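Under UniProt numbering, the letters of the sequence shown match residues 1 to 124, in that order.
Positions of the beta carbon are idealized from the N, C-alpha and C atoms, including for glycine.
As the structure is a computational prediction, the values presented were derived from the model and not from experiment.
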Amino acid sequence: VNEGHKEEPERTSEEIATDCLASEKGDTSNGPQEFYEKLSITKPNNAYEFGQVINAISTRKDKEACAHLLSITEPKDLPVLLSNKLEGDAFILLIQSLKTHLIEKDPSLVYQHLLYLSKAERFK
């Protein structure tokens, strides 16, 4: 723990998404303002959680958070996590995040994500 910094409590993907959407509407009653400045992304356990997180990220158009989500998500899990629920805005954000934040760090990971993204039910 860094001196002078409070440790953030563990939050579920759903809480993060709810708070993010509330902050977009100007409602900060769900928690302290610090949670709205930067999303805390955890690895989603299922398609529902992934959808909640990607929707929250997409609402904020946060490419850095999207890149972090992709970096902690196994590429082979993408087709199951996305299913047929991928919206156009979220798809564009995924591609832009791969391009702007991950391609130079890990081109192999980007390739794997693109490969498995193409296998999602949304594109069949």
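Going by C-alpha to C-alpha distance, which of P75, L81, L115, K76 sits closest to N55? L81
Measure the beta-carbon distance from L94 to L70 and round it to whole angstroms, keeping in mind my assumption that it falls under 8 Å. 7 Å
T73: buried (16+ other C-beta within 10 angstroms of its C-beta) or exposed? buried
Throw me the rounded Cβ distance for the A90 and S40 pair, which I believe falls under 8 Å. Their Cβ separation, rounded to whole angstroms, is 19 Å, which puts A90 and S40 out of contact at 8 Å.
By Cβ distance below 6 Å, which residues in the same chain neighbour S83 in space, the five residues on each side in sequence not counted? A47, E121
With C-beta atoms as the reference, is T100 less than 8 Å away from K63? yes
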